[in-house]
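Report on the structure given below.
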Amino acid sequence: MGWAGRLFDMRNTLVRMVLLDLSGVCYLAFGTRAGPTPTVTQWVLAVVAFAVALVLHRRPLANLVVQAGLLAIAIPLIDDFTINQVGASWALLEVTMRVRRGRTIWLAATLLAVVDLTDSIGDPLGRVASGLVGLTPEVGVPLLLGLVIRTNRELSRQAVERAAAEQRRHESESRAARADERSAIARELHDVVAHHVASMVLRVGVARHVLTDLDPRVGQVFDDVHGTGTAALAELRRLVAVLRNPDGVRGDAALTAIEPSALPAALGATVDRARQAGVTVEAEFDPAIGSLDAVRGLAVLRLTQEALTNVAKHAGTSALARLVVAVRDGAVHWEVSDNGRGGVPAVPPGGGHGITGMRERVEVLGGQLEAGPTDTGWRVRTVLPAVPAASTAGPSAVSVPRDREAPASSPAPEAA
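Take 929 as the starting number for the sequence shown in the numbering used here and just add one per residue.
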């Protein structure tokens, strides 16, 4: 907005009146030197007009009535009533810009025109015609300028409303598109993934009962696979529910958080399953992790599951992995490293999303994930910042991505 736009802004009425009064004072002090010196009456009427303009700057209609009255008094008393004439014309401009009803504008313009024409009462017809022409700068110009400003302001308001409506429409369409996409993903999860997982769980269950004289260790493997598949099915059902109706499960703590006191046990179960897969895991848990907020606790669990799965998949089941989870000054320091020779590439060649999902989860909580090779293998680590005091009310204080999550009781999810 330029200086002219700011000058005629409705919030700057006092500024306009101050500038107008200063202009009037300069006119009386310097502008009439070529003519007669301003009389005392002229100064009195001018000062009263200045004061009324300042006092009534928020009441344009009252200001116009008083300014028109002062002009009616000045016309028969003084020869140069320019100050009062300009004051009344400016008051008409303010009325035109600011009042809501169009009828009030035309009544105000009529009032000022009648007052201006009192100077022509009793004059010859030619002077009356000249007075009518003189209404153009005194009444017509402020009326026209006020209507232009008023119209432009209304057009600007309508443009803003249209832009806001368009933004709301765009957001509504975007939400509808995302809902359709979630529904499609939910159907695929239900019809394809869940179907195959259920089939595998069923076959493992049948095998456990059909093969009765198996080695006990094989039976334990069957039991573990059956339990893992059952837990995966439960998680898939909950994930499908999230995709189909996110608002309906937003308050479900099982989907968004983990009990802080259960975190050490859940991490221990994850480490045990990695060891059952053949990976040697050295784990160091800070006792303070049991007091973490639920959201960061869930993030630590998911990161650990994904990282240990990547160790088994890329470094080999004979690898040595080291897990460290520590809490310092409220921040969670988490790290998993291994001595494998391969390592997990930052962007897996098969188009996997394991590291990407871990990075997204960490960034949601305000941290940065570091993943890369070391001299002996691969390391992934991060620091989850301390939670501000205002954000520790509960799991709903932070929105946690629900994709790529695995249940706390299930083994580490396979890296994509």
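Where is the CB? At the ideal position from N, CA and C, for every residue including glycine.
Within the model, the alpha-carbon separation for Ile-1003 versus Leu-1073 is close to 25 Å. The beta carbon of Val-994 is closer than 6 Å to those of Val-980 in its chain, skipping five residues each way along the sequence. The alpha-carbon of Leu-1195 is positioned some 14 Å away from that of Ser-1219.
Under DSSP, Pro-1301 takes part in a beta bridge, and its partners are Trp-1306. Contact between Arg-1224 and Leu-1297 does not hold, since the beta-carbon distance rounds to 14 Å and is not under 8 Å. For the pair Ala-1205 and Thr-1245, the CB atoms are nearer than the 8 Å cut-off.
Per DSSP, Ala-1114 has no beta bridge partner at all. Between Leu-1191 and Val-1228 a beta carbon distance of about 7 Å is seen, short of the 8 Å cut, so the two are scored as contacting. The beta carbon of Gln-1013 sits closer than 7 Å to the beta carbons of Leu-999, Glu-1066 from its chain, once the five residues preceding and following it are set aside; these are given in chain order. In the three-state DSSP reduction, Leu-1139 falls in the coil class, being neither helix nor strand.
Here Val-1253 is bridged, per DSSP, to Phe-1213, Trp-1262.
Under the DSSP definition of a beta bridge, Leu-1195 lacks any partner. Between the alpha carbons of Ser-1265 and Ala-1247 lies a distance of about 10 Å. Under DSSP, Thr-1208 takes part in a beta bridge, and its partners are Leu-1248. Remark: C-beta atoms of Val-1207 and Leu-1231 do not approach each other more closely than 8 Å. Just measuring C-alpha positions, the residue of Thr-1024, His-1123, Trp-1034, Arg-1110 sitting nearest Ile-1077 is Thr-1024.
Per the coordinates, the alpha-carbon of Arg-1307 lies some 32 Å from the alpha-carbon of Ile-1113. With respect to the 8 Å criterion, Pro-1070 and Leu-1020 are classified as neighbours on the basis of their beta carbons.
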